[in-house]
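Residue numbers (the working numbering), protein chains in the order written: chain Z, 0 to 317; chain P, -2 to 323.
Here a beta-carbon is modelled for each residue, glycine too, at the ideal position from N, C-alpha and C.
The structure appears right after this line, and notes come after that.
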């Protein structure tokens, strides 16, 4: 393969997949898929999953996994709504309290992994199941619904400048997180930890602290995803966030084929999230059978992991 | 900061973004509809036999009426139900029917459907803004009949394992009613087990084995398993049968598996809802609403049910010969 083509695949592979996917659905459903309304829907529906995926990406950047993100998102969706409906807190208090709970869970994940030396897969799974328990402890497994401040519905399905507010939120967070991970010392050091932990330690980078911070940020972002779900649904659903874990992984790994070849990044995750959502929405708009959706999910997960592996090997070989 | 704006990748991002926006934004949004109308059906979880049969009932009626049929599975996720409603709005369907998902949790999707002028019917989800009709097959009367039968069979005392699933609206209603009624019967000692989202039957079997271990046969208690629908209750009674324990079984939906278990003596009562009939009723409710036009008022239509017990099973099967086949 020529150098030019090689660089194209390394840097833009996932972007090319996204454009190809969009193109395929446009051809298959020109009057329904290729509309501004559908574009808004895709971006809106991607919002909660994107935030959860950003959290997972932060953990992946430092070389760890966070299995708790889905459960934390579910718990925080319930708490956010419950604090307003049951405890009659205002919107700001509900958000801060929910983030405090999520941050605590993230801190536990971080300490379990960095101080106790527990494998992140197992440690964060344990924290996730704890989050599930807290979920049932608070809400009893029931949906929490009731009057909430207007700002919640405004966030959930309101628009600003014709763009859904949830879209503005997740894109704004994408920019902030990208600037953090690329333009700050902490972000750059985090990438160094993920690249080579030993070298980072030898370079006096605070590996444990950065990993703990990553788990806290992951949980906070999962909480934001959970709160967005609740705003969109108009209620706190106890299981609403559970299904976002695999998509978060898939988006993160798909993103390694974009922008920073072979590495996890926020811009890459944005593309990964869009690939997934375009696929799901396209299949739904075409009315395709359920089986196809699950096949797509499975294939995309395999593709994402394979792409990441191939790109890393290609980089190492040149 | 300078390295953040390397020209090549910025151009690449811009190219991807522009390409996506262009293909996404262009393309017409024709106001005209095809000759055939389309009904979109959102199923909460298509692995549930009952829900699948309801959907089939709707599909058959829609096809007979000359409509196209489009079905989307939500995989048990209420967030997916919401997304599926939005996707059906995008697909420009002419009507939407939601099977077994609480309407109060579908605010964003229902708002889009209402804004697009697409009528929405709910089956057992309740009325909400944007829902023009609800088929309430699950209500206090229907839910209470099985509970009353169980309490009568237990003679008001014994050990009860209640298999619940609070996130599900029908299950929540039945569970709340069970808790309320059991307050009158302190002699019935209840162990509640909350079913997980997946592998409910296996979870029910595990819970049953643990419960049986905690309550040995030597105690001489009347033992009963109540499920908020048939499948987990049947899992529990099967586990009890495998452990050679006598346990009364109760559930809802009256599917073939429950009726067969009743024939074998492993199940005592269930509530039969004809899922095909429910599908037909959902279509009729939609048709009535469309025919009424602007004069239609949102309403709840209670659905019929039949309490089937081991004593009435024979006569039930005589009048419903297809019930064993599903």
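With 16 or more neighbouring CB atoms inside 10 Å of its own CB, residue 167/P falls in the buried class.
With fewer than three CB-CB distances shorter than 8 Å, the stretch 254 to 267 of chain Z does not count as touching the stretch 86 to 99 of chain Z. Within the stretch 150 to 165 of chain P, the residues whose Cβ lies closer than 7 Å to some Cβ of chain Z are 163 and 164, listed in chain order. Nearest CB-CB separation between residue 69/P and chain Z: below the 7 Å threshold. Chain-order list of chain P residues neighbouring residue 232/Z: 75, 76, 79, 102, 103, 104 and 105, by C-beta distance under 8 Å.
The closest CA to that of residue 267/P, considering only 178/P, 145/P and 113/P, is found on 145/P. In this structure, DSSP gives residue 191/P an extended state, which the three-state scheme calls strand. Contact fails between the stretch 266 to 273 of chain Z and the stretch 283 to 298 of chain Z, because fewer than three Cβ pairs, one in each stretch, are under 8 Å apart. The beta-bridge partner set that DSSP reports for residue 158/Z consists of 163/Z.
In the DSSP assignment, residue 224/P is bridged to 160/P. Contact of residue 242/Z with chain P is assigned, a C-beta pair being separated by under 7 Å. Taking the Cα of residue 222/P as reference, the smallest distance to any Cα among 131/P, 130/P, 302/P and 147/P is reached at 147/P. Runs of alpha helix (DSSP H) with 4 or more residues, each lying fully within the stretch 57 to 95 of chain Z, are found at 68 to 84, listed in chain order. Residue 62/P and residue 278/P have their alpha carbons spaced roughly 14 Å apart.
Three or more Cβ pairs closer than 8 Å define a contact, and the stretch 197 to 209 of chain Z falls short of that threshold against the stretch 74 to 93 of chain Z.
From the listed residues 35/Z, 19/Z, 299/Z and 309/Z, the smallest Cα separation to residue 161/Z is found for 35/Z. Counting only Cβ-Cβ distances below 8 Å, residue 236/Z has contacts in chain P at 75, 76, 102 and 164, in chain order. Across the stretch 43 to 59 of chain Z, CB contacts with chain P closer than 8 Å involve 43, 44 and 47, in sequence order along the chain. Contact of residue 169/P with chain Z by beta-carbon distance below 9 Å involves 140, 141 and 142.
Distance from residue 106/P to residue 160/P at the Cβ level is roughly 30 Å; contact not present, criterion being Cβ atoms closer than 8 Å. At a cut-off of 7 Å, the C-beta of residue 70/Z has no neighbouring C-beta in chain P. Residue 319/P counts as exposed, since fewer than 16 other beta carbons sit within 10 angstroms of its beta carbon. The C-alpha of residue 164/P is placed about 7 Å away from the C-alpha of residue 237/Z. Distance check between residue 101/P and each of 317/P, 126/P, 94/P and 155/P places 126/P closest, using alpha-carbon atoms only. Per DSSP, residue 298/P is one residue of the beta strand (DSSP E) stretching across 296 to 299.
For residue 304/P, there is no enclosing alpha helix (DSSP H); the residue is part of the beta strand (DSSP E) that begins and ends at 303 to 306.
If you check the CB distance, residue 166/Z and residue 43/Z come in under 7 Å.
For residue 245/P, the pairing in a beta bridge is given by DSSP as 221/P. Against residue 155/Z, the close residues of chain P are 104 and 105, in the order they occur along the chain (beta-carbon pairs closer than 8 Å). Residue pairing by DSSP places residue 67/P opposite 37/P in a beta bridge. Listed along chain P is no residue with a C-beta nearer than 7 Å to that of residue 271/Z; the closest approach is about 12 Å. In the displayed model, residue 250/P falls within a strand according to three-state DSSP.
Using a Cβ distance threshold of 7 Å, residue 41/P and residue 98/P count as a contacting pair. Across the set 311/Z, 301/Z, 223/Z and 305/Z, the C-alpha of 223/Z shows the shortest separation from the C-alpha of residue 71/Z. Contact note: residue 31/Z reaches chain P through 87, 88 and 89, using a C-beta cutoff of 8 Å and chain order.
Proximity of chain Z to residue 99/P at the Cβ level (cut-off 7 Å) is accounted for by 142, in chain order.
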